[in-house]
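2 protein chains.
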Amino acid sequence: MKFSCFQSDLINGINIVQKAVSTRTNLEILKGILITTEQNKIKLTGNDLNLAIEVLIEAQIEIEGSIVLDSRLFGDIIRKLPDATIDFNMNNNFVEINCLHSNFKLIPFKAEDYPKLPVIENSQTLKIDQNIFKNMIKQTIFAVSQDETRPILTGSLFEILDNKATLVSIDGYRLALKTISIENVKNSKTVIPGKTLNELMKILSNSKENELRIDITDKYIAFEIDNIKIISKILEGEFIKYNQIIPNDFKTKVIVNTTDFYQSIERASLMARESKSATIKLSLESQYIEISSNSEIGSVKDKVNINIEGDKFEIGFNPRYLTEALRVIESEEVILELSSSLSPCILKPIDDNEYIYLVLPVRMSN
Amino acid sequence: MKFSCFQSDLINGINIVQKAVSTRTNLEILKGILITTEQNKIKLTGNDLNLAIEVLIEAQIEIEGSIVLDSRLFGDIIRKLPDATIDFNMNNNFVEINCLHSNFKLIPFKAEDYPKLPVIENSQTLKIDQNIFKNMIKQTIFAVSQDETRPILTGSLFEILDNKATLVSIDGYRLALKTISIENVKNSKTVIPGKTLNELMKILSNSKENELRIDITDKYIAFEIDNIKIISKILEGEFIKYNQIIPNDFKTKVIVNTTDFYQSIERASLMARESKSATIKLSLESQYIEISSNSEIGSVKDKVNINIEGDKFEIGFNPRYLTEALRVIESEEVILELSSSLSPCILKPIDDNEYIYLVLPVRMSN
């Protein structure tokens with residue numbers, strides 16, 4: 000194998016595929032990046048057996064071939080080389096890397112030992128603006144369960160139903176759901192691992208340029224954007240019937256400034272974290288919510304102005320479950336729909352009826 | 000105690016005194032910040048018994064007094080309050096903190112239990128531009144020993160001799176020394192703890208505005224800049240006679256571009272860290288130095304152009320001992336003075352004869 004490419008292209012590619020390279024694995028080859036020549040390009044591949052990422056970059060190929068290089072060392076070397084052309088040349092036992100005055104010789108792993116990527120065929124394909132899908136992930140990913148005892152909840156349900164696509168995360172204490180309109184795609188249900196969505200979110204940009212292509216099969220989901228391809232296993236099993244969880248009516252409706260509410264809860268949470276219950280109390284009043292928390296070493300009361308219709312009562316929450324949602328809501332005001340101290344609370348951005356966040360209250364001790 | 004002050008002033012002060020607050024201590028009161036009213040100001044104090052920092056900030060005092068508040072909680076609360084006036088009011092058992100719609104009640108420690116700061120008297124005083132002293136620390140602090148078995152080397156010698164001030168760090172493998180000219184100060188030798196210098200370096204700015212005042216006594220050293228005062232214990236004992244370590248002559252003189260040399264060593268160190276010896280080899284040639292390293296998984300050769308006068312030979316180094324010095328040398332070129340594979344190497348910036356860095360070579364296995 001013999002080729003040359005630009006340092007800047009190569010390091011961009013390495014940074015992306017490294018997201019799929021295992022650092023903690025007993026299989027040494029999985030700590031490597033597969034490099035394969037492909038016409039006027041080279042393809043870099045990282046693969047942890049659940050998630051694989053491929054990146055194509057421009058290269059001048061002289062002799063075709065494939066090798067696997069240790070991801071960490073290879074990445075560090077390329078990162079420290081100057082922004083110039085790098086030449087790769089495979090000899091008998093080692094690959095030589097030359098760039099200006101620098102010469103590295105590395106012993107590669109054998110490309111034959113690298114796991115094959117699944118073939119994506121008979122897939123259902125849809126296309127979504129990358130910034131829109133990035134935002135869908137951002138608004139729901141934090142509600143994915145970290146609890147491995149219910150594996151299905153460590154992923155998000157991606158449901159296509161009647162020309163709408165919905166991404167839903169549920170961890171047993173809250174639910175985050177975002178829907179968008181799409182066109183002409185068959186109904187389907189796919190549970191995408193949280194790690195896949197997290198890495199995809201980092202790769203997607205906030206610009207509208209270039210659509211994200213999504214290919215769904217019954218075992219895998221593939222994402223393609225620019226020169227990057229992500230292939231992920233799907234989680235097997237039945238996701239929670241989320242529609243049955245979301246209440247249809249409520250007794251109290253509150254409108255509050257998103258930032259003010261977020262900052263008040265942040266302050267109250269400083270005292271909550273000093274207490275055993277780690278809970279804040281929201282007391283609904285006619286003009287404001289009082290947000291309070293008590294601990295052995297002190298107490299806090301914070302007020303935020305609201306518009307309220309309906310019953311007034313007190314309700315307790317884990318403050319993080321509120322702030323994580325308020326942080327990803329972009330609209331200036333947020334609507335709270337509540338029914339009692341023991342019923343779920345719904346948060347909706349005032350100008351986006353396609354986002355729903357549901358959170359269970361905490362029973363207060365007194 | 001009753002006073003009010005601006006959130007922005009207060010958080011700036013807290014951020015500074017927190018550098019002297021112990022987080023790991025069995026004495027609960029040392030986890031606190033002492034707040035004392037003082038005419039039209041309040042004084043914040045952090046003190047870990049080796050290092051104390053005081054900051055004065057503007058305040059409106061209504062009732063005088065002092066309290067101690069847990070540093071972490073107090074800092075987090077003030078950090079999350081809006082940029083507005085904060086009112087403090089001590090009641091029977093707690094201090095009330097009010098800012099716009101937020102109200103905190105905190106149970107303070109007793110100010111009487113807070114350790115008294117040493118009184119600095121009969122001191123020798125000198126004044127140095129803060130940016131100059133910051134740079135002296137930056138160019139020497141990294142050579143302070145981390146080895147607690149020789150406590151005196153965990154500090155830097157601050158020597159005043161014949162209208163020159165010199166800061167010297169030695170860790171047994173290298174020495175970093177920076178001298179500046181000063182006026183009319185009596186000769187003295189003081190060993191300042193590395194931690195004190197590290198925190199002082201963070202507080203000093205790169206601007207020439209405002210001189211740093213240094214007060215030296217036989218047990219303490221105090222630094223004063225703007226509204227900040229730092230009081231530190233001095234390390235007791237005899238520092239190494241550094242002049243006896245620095246060789247007066249050499250057999251080979253090399254001039255090399257600082258950045259090129261730094262980057263070549265950085266690349267070579269990637270391979271060195273994979274090997275048992277963790278060593279790089281410098282081979283002096285007529286036009287260049289070849290920097291190389293070998294490990295079980297590969298090898299590296301890097302070249303950097305030089306001007307050389309004198310003997311040519313090979314010499315081994317711990318790469319970090321070279322890069323840490325090259326990183327803080329600002330001149331474009333650096334001079335290496337060498338005598339043999341087993342003699343110390345001296346690095347000097349080409350345009351600053353007041354900085355000397357000496358490093359011992361590593362004996363190479365073959």
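Sequence lines, in order, name chains U and E. Taking numbering that gives the first Met the number 0, I'd label the letters of the first sequence as residues 0 to 365. Taking numbering that gives the first Met the number 0, I'd label the letters of the second sequence as residues 0 to 365. Heads up, the beta-carbon is just placed ideally off N, CA and C, and yes, glycines get one too.
Put residue i into one of helix, strand or coil per three-state DSSP.
i, result
"Phe132 (chain E)", "helix"
"Thr216 (chain E)", "coil"
"Ile140 (chain E)", "helix"
"Ala388 (chain E)", "This structure gives no information on residue 388 (chain E), because the portion of chain E shown stretches from 0 to 365."
"Ile239 (chain U)", "coil"
"Ala58 (chain U)", "coil"
"Pro348 (chain E)", "strand"
"Arg326 (chain E)", "coil"
"Met270 (chain U)", "helix"
"Pro318 (chain E)", "helix"
"Leu160 (chain E)", "strand"
"Gln286 (chain U)", "coil"
"Arg173 (chain U)", "strand"
"Phe260 (chain U)", "helix"
"Asn205 (chain E)", "coil"
"Ile76 (chain U)", "helix"
"Pro192 (chain E)", "strand"
"Leu377 (chain E)", "For chain E, the structure presents residues 0 to 365; residue 377 (chain E) sits outside this window and is missing."
"Ile245 (chain U)", "coil"
"Gln123 (chain E)", "strand"
List the whole-angstrom C-beta distance separating residue i from residue j, where the pair is believed to meet the contact cut-off of C-beta under 8 angstroms.
i, j, result
"Ile70 (chain E)", "Gly45 (chain E)", "A small fix is needed here, since residue 70 (chain E) is Ser in this sequence, not Ile. So it is a contact: roughly 7 angstroms between Cβ atoms."
"Phe222 (chain E)", "Leu234 (chain E)", "Phe222 (chain E) to Leu234 (chain E), Cβ: 16 angstroms. No contact."
"Ile290 (chain U)", "Ile305 (chain U)", "Ile290 (chain U) to Ile305 (chain U), Cβ: 11 angstroms. No contact."
"Phe103 (chain U)", "Val303 (chain E)", "Phe103 (chain U) to Val303 (chain E), Cβ: 16 angstroms. No contact."
"Ile220 (chain U)", "Ser187 (chain U)", "Not really, about 10 angstroms apart at Cβ, beyond 8 angstroms."
"Ala142 (chain E)", "Ile106 (chain E)", "Going by Cβ atoms, the distance from Ala142 (chain E) to Ile106 (chain E) rounds to 45 angstroms, so no, they are not a contact pair."
"Thr251 (chain E)", "Ile288 (chain E)", "About 11 angstroms separates the two Cβ atoms, so there is no contact after all."
"Ile224 (chain U)", "Asn242 (chain U)", "That belief does not hold up - the Cβ atoms of Ile224 (chain U) and Asn242 (chain U) are roughly 31 angstroms apart, past 8 angstroms."
"Leu346 (chain E)", "Phe312 (chain E)", "At roughly 17 angstroms, the Cβ-Cβ gap does not stay under 8 angstroms, so Leu346 (chain E) and Phe312 (chain E) are not in contact."
"Ile77 (chain U)", "Gln6 (chain U)", "6 angstroms"
"Ala83 (chain E)", "Leu72 (chain E)", "About 20 angstroms separates the two Cβ atoms, so there is no contact after all."
Quick one: Cα of residue i to Cα of residue j, how far?
i, j, result
"Ile349 (chain U)", "Val327 (chain E)", "53 angstroms"
"Ile159 (chain U)", "Ser101 (chain E)", "45 angstroms"
"Leu203 (chain U)", "Thr139 (chain U)", "15 angstroms"
"Thr124 (chain E)", "Asp8 (chain E)", "29 angstroms"
"Ile10 (chain E)", "Cys344 (chain U)", "35 angstroms"
"Phe249 (chain E)", "Asp310 (chain E)", "10 angstroms"
"Tyr172 (chain U)", "Asn49 (chain E)", "47 angstroms"
"Asn97 (chain E)", "Gly12 (chain U)", "52 angstroms"
"Asp259 (chain U)", "Ala164 (chain E)", "53 angstroms"
"Gly31 (chain U)", "Phe108 (chain U)", "8 angstroms"
"Gln59 (chain E)", "Met0 (chain E)", "11 angstroms"
"Leu281 (chain E)", "Thr322 (chain U)", "55 angstroms"
"Asn256 (chain E)", "Tyr320 (chain E)", "17 angstroms"
"Asn317 (chain U)", "Val253 (chain U)", "19 angstroms"
"Val437 (chain E)", "Ala324 (chain U)", "No statement about residue 437 (chain E) is possible, as the shown extent of chain E runs from 0 to 365 and does not include it."
"Val361 (chain U)", "Gly315 (chain U)", "5 angstroms"
"Thr205 (chain E)", "Ile131 (chain E)", "For the sequence presented, residue 205 (chain E) should be read as Asn rather than Thr. Looking at the two C-alpha atoms, the distance is approximately 8 angstroms."
"Asp86 (chain U)", "Lys137 (chain E)", "38 angstroms"
With a threshold of 16 other CB atoms inside 10 Å of the CB of residue i, please say whether the residue is buried or exposed.
i, result
"Gln262 (chain E)", "buried"
"Gly236 (chain E)", "exposed"
"Asp301 (chain E)", "buried"
"Ser292 (chain E)", "buried"
"Lys218 (chain E)", "exposed"
"Asn183 (chain E)", "exposed"
"Lys133 (chain E)", "buried"
"Ile41 (chain U)", "buried"
"Val16 (chain U)", "buried"
"Asp146 (chain U)", "exposed"
"Lys115 (chain E)", "exposed"
"Asp47 (chain U)", "buried"
Between residue i and the ligand FAD, is there a pair consisting of the residue's CB and a ligand heavy atom that are separated by less than 7 angstroms?
i, result
"Asp170 (chain E)", "Ligands are entirely absent from the displayed structure, and the ligand FAD is therefore not among its contents."
Determine contact between the stretch 193-202 of chain U and the stretch 138-155 of chain U, defined as no fewer than three beta-carbon pairs at a distance below 8 angstroms.
yes
Between the stretch 43-57 of chain E and the stretch 210-229 of chain E, do at least 3 Cβ pairs fall closer than 8 angstroms?
The stretch 43-57 of chain E, when compared against the stretch 210-229 of chain E, does touch it at the 8 angstroms Cβ threshold.
Three-pair Cβ contact test at 8 angstroms for the stretch 161-181 of chain E versus the stretch 355-364 of chain E:
yes
At least three beta-carbon pairs within less than 8 angstroms, the stretch 84-100 of chain E to the stretch 260-274 of chain E:
At 8 angstroms Cβ cutoff, the stretches do not touch.
Cβ pair count under 8 angstroms reaching 3, the stretch 269-279 of chain U against the stretch 331-346 of chain U:
no
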